[in-house]
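Chains as they are written, first to last, in the numbering used here: chain P, 202 to 443; chain A, 8 to 327; chain X, 2 to 294.
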Amino acid sequence: MTPLLTTKGLSRHFGGLRAVDGVDFALMPGEIRAIIGPNGAGKTTFVSLLSGRIRPSSGTIVFDGADITGMPAYRRVRLGVAYTFQITSVFANLTAFDNVALPVQRTLTDGRSKGQVRAGVMAALERTGLADRAGTLAAHLSYGHQRLLEVAMGLALKPRLLILDEPTQGLADSEIDNFIVLVREIAKSATVLLIEHNMPVVMDLADRITVFNSGKILAEGTPEQIRADVEVQDAYLGATHG
Amino acid sequence: MKDVSLAKTYALHIGIIALLFVLNFVLPDYHQGLFARIMTLAVFAMGYNLLFGYVGLLSLGHAMFFSAGLYGAGLTVYHLGWGVPEAFVAGVACGALLALVIGLLALRTSGVAFMIVTMMFAQVFYLLILYFAAWTGGDQGLVIQQTSRALNFGSTSFDLTNPTVRYMSALALFSVVLFITLAVVRSRFGRVLVAIRENEERTRMLGYDTVANKLAAVVLSGTICAAPGAAYALLFGYIGSSFASVQYSILPLLWVLLGGAATTLGPLIGTLFMYYVTDITSGFTSAYLLIVGVALILLVLFAPKGILGSIRQRWLGWLP
Amino acid sequence: MHFGPHLLLAALEGLVTSAVLALTALGLSLVFGVMRIVNVAHGEFFMLGAVLAWAISTAISGHPAIGFVAALVIAPLMVGLVAFFAEWLVLRRLNYNPESTIVATIGMLYIIQQLALTFYGPEARPVEPPFSYRILLPWFGYSGYKLSVVAASAILLVLTWLVLTRTRIGLIMRATQYDRETAQAFGIPVERVYAGVFAIGAMLAAIAAVLIVPISQAHYLMGQDPLLLSFIVVIIGGLGSLRGTVVAAILIGLSDGIISMFFSPTLAKIIATLVVAMVLVFRPQGLFGTTQR
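Structure below.
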């Protein structure tokens, strides 16, 4: 099987700081991959490079056989690389419906009927359990619901690769359980790449885990392998959990 | 619930147009003339509102688009002897072309730099009118003769200097642009524009080419603003450099802020209100600029949403 | 006159323009630099300074120098007071939102202009220079007062620089400019700093106007050109850079003087404005400091 996404020597420097430093990375279609690592390890910079929000200093990114290194972010989204923000950035002054209608109407290529948009929006809202709040302004939704709305927007893009940046941050335990079910559901139709600090969530969800440290990949493997890895424990698990 | 608000929206807009139609036969001469002018300038404000209200781009140079229409129409009639429809199209085309060029340049900037750049381009346009005074009439302006301002359909001829013809022409332009605005706002394009206003980065990450969408909005806004400029030259028969001055870039901002940014009818209400405030106060003070200044400050301080924006927020959530 | 002396005269005139422009632009630059707002009413503070200078100097009898000196002291203080209240009444309540403050300062522009028209009138009125000594050059005589304007401006610029770099007030201003929140956390009264900076910015414009008014007369619309030119200087010179402001002011003043002597002033303005707009379009980050992205 060929990877859905690969990077070769991907780097991004901010002044003298090597935020991402020569990363070779491959992601298989259909997997759920978690990226973990201490704060400042370069995780968010790395996925920002993948989504096109920032430009790499050097290296290449290949998605589905095509070099997308110099491609603007909006065109990557159209290819199927969707990104949900770490800090919730739904359109606060628009209704939940309109928030989701934006990605839905763009993916619709056939017809211009309002009915199609409506159907697409309601489908995405139902999958995330927000259907009964379609008419509510996003600003008036609870924090947990805003995060779900963010995911619904990502879903509505019909992505092939969905990048989730710390999706469970700030969620209550019960919400996290629902969230895990939702991500499994999404993974049936898309590859999922998530940055996550909550280790139980990572261990539960991920097929494979990539550990970042100082802009480089420190280790990569199944949850069991990572759990057993001494180096990782020193760099990360040990540092944050004891 | 959506359909009810849709019906209400159309009823309201058609009602306003019908009311304006009836007013033609009710208003005294002086106010009939004033209303024709207000409707024309309200279209200018509507074009401005499209960019400022819906996309959130604050331009300080829209006088150049209005004047592009004014001079595009006025000069072709004055120097080339073109007919009214051709001149109107020429004016609108000038505005569209100028908006395309300015959009390509100015959209490379954002925020405060965008305001200053648009103001500077408008200043260049203004100075060019003065520099080429031999053709444009400079700050004296040019008067377009009554004979060149007739609209001929076969054997029937409409004299645009006739008060009723003038009023109805202005109303026709106003109605067309009002429904264009309404259609744009309710369209997918309109939804994207609002999304750009709310959060451009997020909109880009939903797969939208935000620069292209903003450029389309600038061109549409500039074109709409050129139409009342062209209409003004043909209906009122005067073109002058004062319409290109900074003040005429500030006025649509004031009208839109007053009436309510990002509302379809706000521009009309703001223009109407401001014109009558000026008209009434001119009886005891000539301090027109003072009123403009005080109104601007009071608006940003106490009513940033304007008249219609506040009404929408409090009572009528369905207002477009 | 031959070309050489002609050019010298143009350069001298340009130098006077530069001197006044540097002071005015410095005021605008300080306000933008520290408060991050664009003060569109800046040109009107300039005009107000000139008009007040006329009022004060005509109210005081005796030798013209007495009236002028009085104007030089009192007019900027009055303008500073007006600016202080404008900041306190309006800008502070807008929380210094960039777009709202632009609209608000446009409002101030119209109010000040209209008040000047109402109380001062539409005429252009001269102020007598404090002295009328002429320096005789081999080709022409040149006003000693004009040269003294250049000297006065240079002294004021050096003073401002000293205040900004060597005093506690300057340190507080720079800290506020660098990071408002942190400055506040360190106990700097940010609101008072802002009010002070806004007043000082206006006063610099007013001083420039008092200096120029014996040469170019006071008029209620005289604020427009300095505003535009100050924008140009601030953009070219780079923000918050005193040296950049001075260099750009000399550049713009000299080229304005020389171009206007040989070309139509309208054409000169068209070219200058277009060039600056293009600079902003293609190099916004370098010229507007770090505020833009």
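Glycine residues also receive a C-beta, built at the ideal position from the N, C-alpha and C atoms.
Looking only at X/PHE132, X/HIS64, X/LEU138, the smallest Cα-Cα distance to X/TYR146 is reached by X/PHE132.
Against chain P, the CB of A/ASN206 has a partner CB under 7 Å away; the residue lies at that interface.
For the 7 Å CB-CB criterion, A/ILE109 and A/PHE128 form a contact. Look at P/LYS359 here: in three-state DSSP terms it is coil, with no helix or strand label. Under the three-state reduction of DSSP output, X/SER30 falls in the helix class. If the five residues before and after P/SER259 are omitted, its C-beta is found closer than 7 Å to the C-beta atoms of GLY210, SER212, all from its own chain and listed in chain order. Burial check for P/GLY216: the Cβ neighbour count within 10 Å stays below 16, so the residue is exposed. The residue from X/VAL234, X/LEU22, X/SER261 with its alpha-carbon nearest to that of X/ALA210 is X/LEU22.
Straight through space, the alpha carbons of X/ALA176 and A/ILE45 are spaced by roughly 50 Å. If you look at A/VAL284, you'll find it in the alpha helix (DSSP H) that goes 273-288. X/LYS270 reaches chain A at LEU134, counting residues in chain order whose Cβ is nearer than 7 Å. With respect to chain P, the C-beta atom of A/ALA219 has no partner C-beta closer than 7 Å.
Between the C-alpha atoms of A/GLY277 and A/PHE51 there is a straight-line separation of about 12 Å.
Taking a C-beta distance under 7 Å as the contact criterion, A/LEU315 and A/GLY266 qualify as a contact pair. For A/LEU308, the chain X residues whose C-beta falls within less than 8 Å of its own C-beta are VAL91, ARG94, LEU95, ALA105, listed in chain order. Straight-line measurement puts the Cα of X/VAL39 at about 6 Å from the Cα of X/PHE33. In this model, A/GLY81 and A/ALA240 are separated by some 5 Å (Cα to Cα). The beta-carbon of A/MET127 is placed less than 7 Å from the nearest beta-carbon of chain X. Counted as a single uninterrupted DSSP element, the alpha helix (DSSP H) harbouring X/ILE201 occupies residues 191-217. Per DSSP, P/TYR284 is one residue of the beta strand (DSSP E) stretching across 282-285.
Neighbours of P/LEU356 in chain A, taken as residues at a C-beta separation under 7 Å, are lacking, since the least C-beta distance is about 12 Å. Residues of the same chain with a CB within less than 6 Å of the CB of X/GLY202, apart from the 5 flanking positions on each side, are GLY28, LEU31, VAL32 in chain order. Among the residues of chain A, those whose CB is under 7 Å from the CB of P/ASP299 are ARG198, following chain order. Taking each of X/SER101, X/ILE173, X/VAL52, X/ALA71 in turn and checking the Cα distance to X/PHE120, the smallest one comes out for X/VAL52. Residue pairing by DSSP puts P/ILE410 in a beta bridge opposite P/ALA235, P/GLY422. Around the beta carbon of X/ARG169, a 10 Å sphere encloses fewer than 16 other beta carbons of the protein chains shown; the residue is thus reported as exposed. Nearest CB-CB separation between A/MET175 and chain P: not below the 7 Å threshold.
In summary, no residue of the region 61-74 of chain A has a CB separated from any CB of chain P by less than 7 Å.
Within the same chain, and ignoring the five residues on either side of A/GLN39 in sequence, the residues whose Cβ sits closer than 7 Å to its Cβ are ASN31, PRO170, TYR174.
Distances from the CA of A/TRP325 to each of A/LEU261, A/PHE280, A/ARG193 were compared; the closest alpha carbon is that of A/ARG193. Looking only at A/ASN159, A/CYS101, A/TYR133, A/LEU180, the smallest Cα-Cα distance to A/MET53 is reached by A/LEU180. Around the C-beta of X/MET48, 16 or more other C-beta atoms lie within 10 Å, and the residue is accordingly described as buried. Contacts with chain X at 7 Å (Cβ-Cβ) do not include A/ARG211.
Of the candidates X/ALA186, X/LEU165, X/SER19, the residue whose Cα lies closest to the Cα of X/SER242 is X/LEU165. For A/VAL96, the enclosing alpha helix (DSSP H) has its first and last residue at 91-113. Taking the C-beta atoms as reference points, A/ALA294 is found no nearer than 7 Å to A/GLY60.
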